[in-house]
Every structure is written in structure tokens, then in C-alpha cells.
């Protein structure tokens, strides 16, 4: 497993996104692939198809299945990725928030809309990182695209539905409707995007508030399977949103501002 290099840590903190080459070993990759196939045939109640599941072309996702998919659990606790998360976040502790599996079948046209993740989530705090683990080759033009530095805009955008790209709600408090990011990128030469072509085992890491989007899967014969592992650090606290959070965790006694001291969000040891 590759550790987070100083350059990767700098890029993550400055741009809000970076890539770690060869960060996941072949055995873990093979296990994750088995886990995705098991997950596909044993979906959780929170699984969602963005197209007809009977069609060969589609886009599906599932999350918070790590306790029932042992391959995911093994990657969380046995791959060494928690140590990488600690280095990226600058955190003494690493807590696992959840996993999210996203699969775009060959030829899937469904575009992932511009959004950032933290307003969807029931967690506040700046020490966080998503790890987008590629199980298949993804050329640069088919991968996730990030607006560099957008995690430091101090702006919170209302989540959008992936199925039709509509916002969850109207503007409220600190939450604003997402502007036309493509128009902003075209009009403002100071804005830039970063994206990465990846091979299996590469890991794209990004902050929960980094704006990103993704195209469909233009490949005619290859799936785009991704397992995202999501981590939080020392400053993570429970949060409420003006809409249904995703994943739809219930408070179960947690109040806004409480640490995530809850079995659903285990602390992962980062030393032997």
C-alpha cells in the first residue's frame, strides 16, 4: 500500500482533491470486486438504481453495507487506508463514516451532477476525506472532475437529486442553490478543475466540500466500479440538515454538536 506523500497531502489540502497511485494492493482490489458483486445481488434497503435494473445500461449505488459485506469491512479495518486518512486529514483519530458503492454499466449515460457531499451528510467538521477506489481503469475524461479549492469557498450548497438533478429544497440560512458551475468555469479564468485518469488500485481522495461532477460511462464493454470509503477526524460532530440526510442515519440519541461516539461510526486503529 502506498502512503500519502507530502505532495499528495499538499494537493489534497490546497485543491481539495488528489490521487494516490497504487494505494490499494491487488488482493484487496480483488476482494472489493467480489464484495461489489455480492452487494449487487444482495442490495440493502438503501440501494438505488438510477435506471431500470433490468436494463444492461444503468447506474446503481448502495451504501452502509459494510457490516454485511465482509470484503468492505476488511478494507476498512485491514488495508491501512485509515493511516492514509489520518495523514490527509491531519487528525490523531480516524473514524469510519460509511462506504458508498457506485457502478456505471458500459454505455451508461447518466451524468453525476455538480454537487459537494457534506450538505448531504449528518456530520460537520473540516477533518474529512472520501477515498474513491477505482476497480476498473477510468480514463481522465470519464472520471470525477473537481473544482480546485472549492472546499475553501465557505459556501454550502443545497444537495441535488442524482436522478433528475433537482435541488432538495429552496435557499435556507447558510444553504444556497448551486450556481451554474459550467458557466462559472467558462467565464472565470481564475477557476480551474482537476481530474485524474486512474488504474485499478489508484485512489482519488477529496474533501467533503469539494465540488465535483462526473460523466456517464462511455466504455462499450467495461463497467466503472468504484468503492468510496468515507472518513472523519478529531473535529467530527453530529449535524442536522433541513432535509433528509443521505445516508438516512437517524440521530439515535445524538444531538447537533455531539461527537460521533456511536457504534455506527467506529474509530479505526491507525497503529499496530
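Numbering (this note's numbering), first residue to last: 14 to 285. Glycine is no exception: its CB is placed at the ideal position from the N, C-alpha and C atoms.
Determine which residues share a DSSP beta bridge with residue 143 and list them. DSSP, once it has assigned bridges, lists 219 and 243 as partnering residue 143.
DSSP three-state call for residue 280: helix, strand or coil? In the three-state reduction of the DSSP assignment, residue 280 falls in the strand class, which pools E and B.
Run through the DSSP bridge pairs and tell me what residue 74 is partnered with. The bridge partners DSSP lists for residue 74 are 61 and 115.
Exposure of residue 190, with buried meaning 16 or more beta-carbon neighbours within 10 Å: Classification of residue 190: exposed, given that the 10 Å Cβ count is below 16.
Per DSSP, the bridge partner or partners of residue 226: Answer by DSSP bridge pairing, in chain order: 158.
For residue 149, the nearest candidate out of 202, 213 and 197 (CA to CA): The candidate whose alpha carbon is nearest that of residue 149 is 213.
Opposite residue 237 in the DSSP bridges: which residues? 117, per the DSSP bridge assignment.
When 20, 25 and 81 are compared against residue 162, the one with the closest alpha-carbon: For the residues 20, 25 and 81, the minimum Cα distance to residue 162 belongs to 25.
Run the CB neighbour count on residue 143, radius 10 Å, all protein chains shown included, and call it buried at 16 or more, exposed below. Under this definition residue 143 is a buried residue.
Report the partner residues of residue 180 according to the DSSP bridge assignment. Note: residue 180 is bridge-paired with 173 in the DSSP secondary-structure output.
Mark residue 127 as exposed unless 16 or more other C-beta atoms lie within 10 angstroms of its C-beta, in which case mark it buried. When all chains shown are included, residue 127 counts as buried.
What do you get for residue 69, buried or exposed, if any count of 16 or more other CB atoms within 10 angstroms of its CB means buried? Below a pLDDT of 50, predicted positions are generally treated as unreliable, and residue 69, at 48, falls in that range; no measurement from the model is reported.
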